[in-house]
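For the sequence shown, the working numbering assigns the number 23 to the initial residue and increments by one for each residue that follows.
Backbone N, C-alpha and C fix where the C-beta goes; we use that ideal spot for every residue, glycine too.
Working notes for the structure below.
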Amino acid sequence: MISRTGRLIGYLQHNYNDRMAKTTAAERASELRSIPQVDRLSGALPQAALPTLRVAAARKAIAQATEAILAGHQAPSFDELVDTATGILDAQRKRRLRPLVNATGVLLHTNLGRAPLSEDALTAIQEVGAGYSNLEFDLTKGKRGSRYEHSAEMLASLTRAESALVVNNNAAAVLLALAALARGKEAIISRGELIEIGGEFRIPEIMAESGAIMREVGTTNRTHLKDYVNAIGPQTGAILKVHPSNYEVTGFTASVSGGELAELAHSHGIPLISDIGSGLVSRQLIGRVPSWLGKEPAVVEAVEEGADIVTFSGDKLLGGPQAGILVGRAESIAKLRRSPLLRAFRTDKTTLSALDSTLAAYMNGEIIRIPFWRMALMSADEVQARAQSLAAGLPETDAAVEVVPGFSTTGGGSVPSSRIPTALLRIRPVAGGAQALAGALLIHDPHVVARIEDGGLILDLRTVHPDDDSAVAAALGDALKKA
Ligand SMILES: *Cc1c(COP(=O)(O)O)cnc(C)c1O
23 MISRTGRLIG
33 YLQHNYNDRM
43 AKTTAAERAS
53 ELRSIPQVDR
63 LSGALPQAAL
73 PTLRVAAARK
83 AIAQATEAIL
93 AGHQAPSFDE
103 LVDTATGILD
113 AQRKRRLRPL
123 VNATGVLLHT
133 NLGRAPLSED
143 ALTAIQEVGA
153 GYSNLEFDLT
163 KGKRGSRYEH
173 SAEMLASLTR
183 AESALVVNNN
193 AAAVLLALAA
203 LARGKEAIIS
213 RGELIEIGGE
223 FRIPEIMAES
233 GAIMREVGTT
243 NRTHLKDYVN
253 AIGPQTGAIL
263 KVHPSNYEVT
273 GFTASVSGGE
283 LAELAHSHGI
293 PLISDIGSGL
303 VSRQLIGRVP
313 SWLGKEPAVV
323 EAVEEGADIV
333 TFSGDKLLGG
343 PQAGILVGRA
353 ESIAKLRRSP
363 LLRAFRTDKT
373 TLSALDSTLA
383 AYMNGEIIRI
393 PFWRMALMSA
403 DEVQARAQSL
413 AAGLPETDAA
423 VEVVPGFSTT
433 GGGSVPSSRI
443 PTALLRIRPV
453 AGGAQALAGA
463 LLIHDPHVVA
473 RIEDGGLILD
483 LRTVHPDDDS
493 AVAAALGDAL
503 KKA
């Protein structure tokens, strides 16, 4: 420490002497000596934090103080240093992955982790993750097996496809399919489907990465079968159909159905890859089909139309873990299995076990066990009753607290502009602004994310687990008192 201080003083005298007006060199040297040792500072930090994190935060606070002194500022007091280091610890804690309450009414919020997992999926993760498993071990033969077998059978059976494969996410699924089936050849795609899904997933870029050559046909709003026919030739590797999941082209539009494309592709001996994105398995499996689902394509429909590969996400309408699922013709899936890219995209045992138990809920006709569907199918009346009872328990406030009709949305790049009738808890006008109230909810423990509309704070309990209603009430009570 002494030698370090000595070096610092030397540095400071040579470099800063004539530039620093605020303190003299001698003063700065004495200020530097007043900085406490790392051990003393870390010992004074909240004991709830891990010792290694406390030491790191103390070091950082001391480094900042040293820099400030060198820049001619006064040394902070010990208490100020403790505050700085505690702030560093706090900020770190917030950056770590932690749960929060989603009161936005956006069911598959990509920034908030998309689909919550079912109790069954969590149990499966616990059981498989806590120990060893038959991840790549065939229990019937007593020898090496494949991790790709586990969910494949259920996926094929649910989607009526010949075969299935699971990778890390749908972006990887599309990349794998293009690379394995159309690398070095042309993949034909409609200009109306050259889309960007959030998070930098852009079809043209994915195609470029795959090594397939993009062959655009048609126009943004209208593409006809003849456009595909004219583009097909010996250079064609595949036809790609992409569902524009997060936007809609309306008005004077035309596109070619999957069935027609499959027929065209097969008459030329090439595969049709259909990226349907959202992972609605089938309408029948949902039972009472809600009208907000609109024309959202289902996996079974795409398979039935004859697509050789259908790709979709595990954590959108399927309601499972993050995964990319490919189902389709056995011959095409077999080609994907031979791709070296598959090794780079492989899923881990916890994902596979969560996916397995999510699929089991579909197999058993119990999709209500899947949180996404439980939330999505909850009636507006039920949400309203919960919102009213929450509102009734809030402390006195000048703001108008009302329960009003409104809409939840699926989000996460699925069912564009879906509007699910719901009941909203609306608070306005808010003293200090809705933004301040939303900010107070955000830093509350547990964190609550709400939305702001027309200057009012809006909470949609559809996306809140009913067990968390009381925690939301407490957070809101605190935030209102602060405002
Ligand atoms: C969401 C989506 C993707 C990306 O899926 P991830 O699982 O997020 O990688 C790709 N294509 C379509 C059509 C989508 O809707």
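Can you determine whether any heavy atom of ligand 1 sits closer than 8 Å to the C-beta of residue i, and answer yes or no?
i	result
Pro343	no
Val322	no
Ala199	no
Ile298	yes
His487	no
Asp337	yes
Val196	yes
Pro266	yes
Thr333	yes
Gly214	no
Ala193	yes
Phe223	yes
Thr245	no
Ile217	yes
Thr431	no
Gly346	yes
Gly434	yes
Thr373	no
Thr132	yes
Would you identify the three-state DSSP class for residue i, choosing helix, strand or coil?
i	result
Gly280	helix
Asp482	strand
Lys371	helix
Leu498	helix
Arg508	Absent from the structure is residue 508, since the part of the chain shown begins at 23 and ends at 505.
Pro427	strand
Leu67	coil
Leu463	helix
Gly455	coil
Leu122	coil
Leu412	helix
Ile292	coil
Val470	strand
Val405	helix
Leu340	coil
His487	coil
Val60	helix
What is the residue span of the alpha helix (DSSP H) that residue i lies within?
i	result
Ile355	352-359
Asp420	Segment: none, Asp420 is in no alpha helix (DSSP H) and carries neither H nor E.
Ser185	First-last for Ser185: 185-189, but that is the beta strand (DSSP E), not the alpha helix (DSSP H).
Glu89	73-92
Ser56	47-56
Glu102	100-117
Asn192	192-204
Arg365	363-366
In the DSSP assignment, the beta strand (DSSP E) including residue i goes from what residue to what residue?
i	result
Ile442	442-450
Glu475	473-475
Tell me the rounded alpha-carbon separation between residue i and residue j.
i	j	result
Met229	Ile219	14 Å
Val332	Ile392	23 Å
Arg359	Val325	19 Å
Lys1	Leu92	Only positions 23 to 505 of the chain appear in the structure, and residue 1 is not among them; the question remains open.
Pro138	Ile254	43 Å
Ile308	Gly109	48 Å
Ser304	Ser335	14 Å
Leu377	Pro343	6 Å
Ile442	Gln96	58 Å
Glu323	Leu262	16 Å
Arg213	Ala186	29 Å
Pro121	Ser379	22 Å
Between residue i and ligand 3, is there a pair consisting of the residue's CB and a ligand heavy atom that are separated by less than 8 Å?
i	result
Gly346	This structure lacks ligand 3; the ligands present are ligand 1.
Should residue i be flagged as near chain B, meaning a C-beta pair shorter than 9 Å?
i	result
Asp403	The structure shown contains no chain B; it is built from a single protein chain.
Tell me the start and end of each unbroken alpha helix (DSSP H) in the region 297-334 that is at least 4 residues and wholly inside, in chain order. 321-327
Sequence ranges, alpha helix (DSSP H) only - wholly within the region 208-290, length at least 4: 225-232, 247-253, 280-289
Quick one: which unbroken alpha helix (DSSP H) runs of 4-plus residues sit fully inside the region 125-176? Chain order, please. 141-151
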